[in-house]
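> One structure coming up, written as structure tokens, with questions to follow.
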Amino acid sequence: MSSNLGSMPLRYRVTIDREQCMECERCIENCSYGVFRRDGDRILINSRKCTACHRCLAYCPRDAIMLEEQPCDYRSHPVWTRAVRESIYNQARTGKIILAGMGSVANLPIIFDHLMLDACQVTTPPTDPLREPVELRTYLGKKPSKLEFRQKPNGDVELSTELTPNLMLETPIMLGHMSYGAISLNAHVAMARAARETGTYMGTGEGGLHPGLYPYQDRMIVQVASGRFGVNVDYLERGAAIELKLGQGAKPGIGGHLTGEKVSADVSRTRMIPQGSDAISPAPHHDIYGIEDLPQLVNSVKEATERKKPVFAKIAAVNNNAENVAAVARSGVDAIAIDGFRGGTGAAPRVFRDHVGIPIEVAISTADQELRNQGLRNEVSLIACGSIRESTDVVKAIALGADAVYIGTAALAAMGCRVCGNCYQGLCPWGIATQRQDLVDRLNPDVASKQIANLIHAWTLEITELMGAAGINSIESLRGNRDRLRGYMLDEGLLDILDVKSVGA
Amino acid sequence: MCGIFGVMDKRRQMMDGSGIREALSMMNERGSGEGAGYVAYGIYPDYRDCYALHVFFDKACESKAVIDATLEQWGTIEHDEAIPTCDQPNLRVNCTPWRYFFKPDASLAPGSASPEKDIVTNLVMQINASANGAEVVSSGKNVGVFKAGGSRGPGGSGGWPEDVADYYRIQDYEGYIWLAHNRYATNRPELWERPDPFNLHDWSVVENGKTTTYGANRRYVESFGYNCSTGTDSEVIAYLIDLLVRKHGLDISLAIRALAPPYWEEIDRMPEAEQNLNRALRFAYGSATMNGPFTVVAANPDMMVGFTDRGKLRPMVVGECGDRLYIASEEAAIRAMESGVESIARPAAGEPVIGRVAP
């Protein structure tokens with residue numbers, strides 16, 4: 001400790017209503033950060049350790065615990081904000097890059113919230129999903145742009161175009177890539193079961209595939225990232241599809257970070273790295289230094305799996321997104337996941353998370369338009385990700401041009417995550433972003449999978465209703481149907497890029 | 506609302522327009538008296554080898570020279586004239602209907618499988634997209650669209666089917682396929698190019714409906730170089746049919762299936778080869794699929810087809826009598842023209858009607 005900065009003002013203050021408290025010590029048991037301890041006949045509180053994970057509040061039988069954010073004011077200043085000052089104090093003390101968990105906290109407008117959906121009134125009737133079919137079935141993969149037929153000897157024509165493998169989803173919502181390591185095995189098992197129950201798929205992230213997930217491998221999209229952690233031919237063969245991770249929205253331009261605290265014996269085996277070591281993936285794939293190298297990787301992965309599986313690529317949304325997407329679409333991949341700048345992460349440098357990239361709404365629009373302009377739209381499916389928060393975000397993303405979405409943080413929240421953003425510490429008291437067995441054991445995969453399935457089911461119902469109200473009974477009629485969106489309080493430039501009219505137009 | 510009507514004679518026997526006028530008027534309660542239109546195949550036998558371009562000029566004196574010059578760049582104008590009209594007390598005329606009989610120079614579209622149609626398509630797109638005071642409303646061989654808009658309220662300009670028919674002297678034309686449209690206005694009625702029918706060379710379209718996928722369908726056809734200038738469903742539908750049938754070589758029955766596909770549940774129950782075909786159609790043409798309520802009647806020189814959305818939210822009645830096939834919104838319209846109609850059918854949702862002229 002060689003700084004004169006002293007301690008920071010408290011971020012949170014935890015208090016106990018002593019009238020209510022019955023000293024059952026559930027707070028002590030539940031808090032993995034060590035906020036509570038018993039001292040004689042009192043429960044003492046160390047608010048400095050609190051992350052606002054709400055575990056103690058959720059499990060206090062008497063509602064005796066209360067939490068307050070930023071109880072201590074700084075002198076207010078519009079430029080030298082609290083966040084700016086605290087970053088400086090931290091870096092002055094440590095000389096290091098500041099790591100942060102979960103998605104961006106930058107207070108920027110959310111475009112989804114400025115897009116309004118359409119509904120039918122008199123000139124067109126709404127469809128009633130309770131009484132008429134509304135199709136959410138989604139196929140991800142290459143589609144032919146044109147069909148070829150041949151004449152049979154008896155005069156009938158038959159299709160000669162061969163369809164390439166597609167993934168069939170019952171709902172356009174998939175569970176995004178979060179690695180084993182970043183999150184626990186129980187969290188993975190819960191997601192896998194939910195994916196099976198709801199007819200969708202989940203991503204493995206870049207951490208390999210734990211044997212505990214083999215029973216669900218037909219619902220897994222296995223990821224090949226720049227660190228190649230856990231990748232071998234057995235891994236590729238187990239997945240329903242393979243995703244090449246080229247970038248991540250929370251940290252465009254750099255590779256994944258898994259802090260050594262979370263590399264347990266089991267994670268070490270699955271990932272094929274030493275126990276306790278930081279797993280920092282390289283920024284580029286070291287076999288892709290130019291776009292022409294990507295088709296080689298795509299082909300080698302396809303050849304390794306006998307061309308039976310769709311291959312996806314995931315990229316972060318950055319300024320030249322349209323160009324990146326058009327380039328990747330030519331590489332032979334079957335789908336492109338685009339991760340917007342609000343995308344989640346277990347750990348990312350704060351400056352990347354909050355300052356690099358572009359919003360997913362814009363990235364999907366420009367990607368869809370560019371692919372259409374170049375006649376490539378059927379070559380790939382587009383998957384939108386990066387803070388898809390509710391069913392309306394899904395509908396809006398699809399209307400802007402996506403085929404489906406990945407959800408990450410929303411799925412974690414369905415398991416109990418309170419978005420406290422301390423995933424990198426490996427102490428997640430909800431048993432999600434941790435490898436500590438006693439914490440992992442808190443997450444019952446049966447219960448958690450039901451919660452995720454409930455969420456997907458509820459969103460699916462809402463999407464069905466929203467589509468029905470818009471008089472649309474199949475998801476492909478929503479896709480890229482930007483006429484059914486209106487921008488509210490968006491500037492002209494942005495409306496132009498989104499190709500969406502203003503409300504009232 | 507809107508009322509649509511189509512009739513085809515399988516042996517190309519001619520029908521004059523008076524019966525079609527009667528039939529369309531029979532559905533006046535489906536319209537609002539703000540526009541109607543007719544299209545007839547076989548009306549220009551003397552110019553059967555020329556593309557008949559029907560053009561609305563805002564001001565003929567300003568625009569005609571521009572269009573003449575544009576057409577002459579791409580081919581030869583064999584003949585042109587004002588379309589004969591007869592002023593009607595209830596119809597306020599706001600443009601000059603003109604027709605050109607035009608022969609495109611095929612050598613100017615080298616490498617195309619259908620150079621003349623490519624030239625005509627491009628000319629239509631070009632003329633309609635630019636602010637030159639001219640709109641091409643039909644562009645096929647031996648076919649013509651006759652339509653007008655109207656408006657209600659103070660200073661309204663009428664536009665019931667009878668007004669439009671009498672204005673163009675529809676009874677003077679003889680055709681073997683007729684389509685007609687009685688309009689219930691929902692948007693700016695003054696522009697005469699907006700109401701149905703819509704035509705692009707071979708294909709003509711009348712629609713009763715309002716799709717919920719206009720934007721998606723438009724973005725799809727526009728990526729193939731079509732330019733939607735009127736903002737109407739029928740324009741997009743005509744381009745979709747031209748794209749799927751002429752450019753992509755689909756048989757009309759498959760093209761209709763692409764535009765109004767069966768539900769996945771039905772596809773799942775089909776035999777394997779059929780399942781594969783239907784899946785491929787939905788895969789390839791998801792962006793061309795039309796949704797929302799519609800009944801479409803479309804025609805080209807060899808056929809007339811009718812199809813509805815797969816929920817059949819708008820009516821479609823089919824009548825047959827001798828060599829004649831009728832498709833209409835109302836049985837009464839068919840009976841107005843053919844009181845002794847032999848069979849009347851109401852096809853199930855998603856079941857198309859395809860009538861072909863004898864070769």
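Residue numbers (this note's numbering), protein chains in the order written: chain A, 1 to 505; chain B, 506 to 864.
All C-beta atoms in this analysis are idealised placements derived from N, C-alpha and C, irrespective of residue type, glycine included.
A quick note: this is a predicted structure, and the numbers were derived from the prediction, not measured.
(1) Which same chain residues, not among the five before or five after Glu-835 (chain B), have their C-beta less than 6 Å away from its C-beta?
(2) For a contact defined as C-beta to C-beta under 8 Å, what are the partners of Pro-133 (chain A) on chain B?
(3) On the premise that Thr-123 (chain A) lies in contact with Thr-691 (chain B), defined as a C-beta separation below 8 Å, what is that separation, rounded to the nearest angstrom?
(4) Just the C-alpha distance for Tyr-556 (chain B) and Arg-784 (chain B), rounded to the nearest angstrom, thanks.
(5) Please say whether Arg-18 (chain A) and Cys-60 (chain A) have beta carbons closer to each other than 9 Å?
(6) Mind pulling the beta strand (DSSP E) runs of 3 or more residues that sit fully within the segment 15-61 of chain A?
(7) Can you tell which of A:Val-263, A:Glu-237, A:Thr-200 has its C-alpha closest to the C-alpha of Tyr-214 (chain A)?
(8) For the alpha helix (DSSP H) containing Gln-151 (chain A), name the first residue and the last one.
(9) Please classify Asp-623 (chain B) as buried or exposed, where buried requires at least 16 other C-beta atoms within 10 Å of its C-beta.
(10) Nearest-angstrom Cα distance between Ala-721 (chain B) and Leu-57 (chain A)?
(11) Alpha carbon to alpha carbon, how far is Ser-2 (chain A) from Ala-348 (chain A)? Give it in angstroms, no decimals.
(12) Leaving out five residues before and five after Leu-613 (chain B) in sequence, what residues of the same chain have Cβ atoms less than 8 Å from its Cβ?
(13) Comparing the C-beta of Pro-125 (chain A) with each C-beta of chain B, is any distance below 9 Å?
(14) Measure how close the beta-carbons of Gly-431 (chain A) and Leu-443 (chain A) come, nearest whole angstrom, since I'm counting them as under 8 Å.
(15) Under 8 Å Cβ to Cβ from Arg-85 (chain A), same chain only, skipping five residues before and after it: list those, please.
(16) Smallest Cα separation from Asn-704 (chain B): which of B:Arg-861, B:Arg-688, B:Val-741?
(17) If we require 3 or more residues per run, which beta strand (DSSP E) segments fall completely within the segment 132-172 of chain A?
(18) So what does Met-202 (chain A) bridge to, in DSSP terms?
(19) By a C-beta neighbour count over all protein chains shown, 10 Å radius and 16 as the cutoff for buried, is Trp-708 (chain B) buried or exposed?
(20) Quick one: what's got a C-beta closer than 6 Å to Asp-668 (chain B)'s C-beta in the same chain, skipping five residues either side?
(21) So the alpha helix (DSSP H) Ile-742 (chain B) belongs to, where does it begin and stop?
(22) Interface residues of chain A around Leu-782 (chain B) at Cβ under 8 Å?
(23) In terms of residue numbering, what span does the alpha helix (DSSP H) encompassing Ile-839 (chain B) cover?
(24) Short of 9 Å Cβ to Cβ, which residues in the segment 445-473 of chain A face chain B?
(25) Verify the CB distance criterion: does Leu-163 (chain A) have a CB-CB separation below 9 Å to chain B?
(26) Can you tell me where the alpha helix (DSSP H) with Arg-238 (chain A) in it begins and where it stops?
(27) By DSSP, does Phe-729 (chain B) sit in helix, in strand, or in coil?
(28) Does Leu-745 (chain B) have its Cβ less than 9 Å from a Cβ in chain A?
(29) What is the C-beta distance between Ile-456 (chain A) and Thr-200 (chain A), in whole angstroms, given that I count them as a contact (C-beta under 8 Å)?
(30) Please tell me whether Tyr-424 (chain A) has its Cβ less than 9 Å away from any Cβ of chain B.
(31) Compare the C-beta of Ser-145 (chain A) against all C-beta atoms of chain B and say whether one is closer than 9 Å.
(32) Any C-beta of chain A sitting closer than 9 Å to the C-beta of Ala-795 (chain B)?
(33) Using the rule of at least 16 other Cβ atoms within 10 Å of the residue's Cβ for burial, across every protein chain shown, is Leu-412 (chain A) buried or exposed?
(34) Would the beta-carbon of Cys-600 (chain B) fall within 9 Å of that of Arg-674 (chain B)?
(35) Give me whichever residues DSSP pairs with Met-66 (chain A) in a beta bridge.
(36) Kindly indicate the opening and closing residues of the beta strand (DSSP E) around Asp-585 (chain B).
With the structure as the only source:
(1) Met-532
(2) Tyr-768, Glu-770
(3) 5 Å
(4) 37 Å
(5) no
(6) 36-39, 42-45
(7) A:Glu-237
(8) No alpha helix (DSSP H) holds Gln-151 (chain A); the beta strand (DSSP E) holding it covers 149-151.
(9) buried
(10) 48 Å
(11) 26 Å
(12) Trp-579, Gly-580, Pro-620, Ile-624
(13) yes
(14) 3 Å
(15) Tyr-74
(16) B:Val-741
(17) 138-140, 149-151, 157-159, 167-169
(18) A:Leu-175, A:Met-220
(19) buried
(20) Gln-593, Asn-595, Leu-596
(21) 738-746
(22) Glu-158, Leu-159
(23) 836-842
(24) Ala-470, Gly-471, Ile-472, Asn-473
(25) yes
(26) 233-238
(27) coil
(28) no
(29) 7 Å
(30) no
(31) yes
(32) The sequence shown places Met at residue 795 (chain B), rather than the Ala named in the question. Yes, its Cβ sits closer than 9 Å to a Cβ of chain A.
(33) buried
(34) no
(35) A:Thr-15
(36) 580-587
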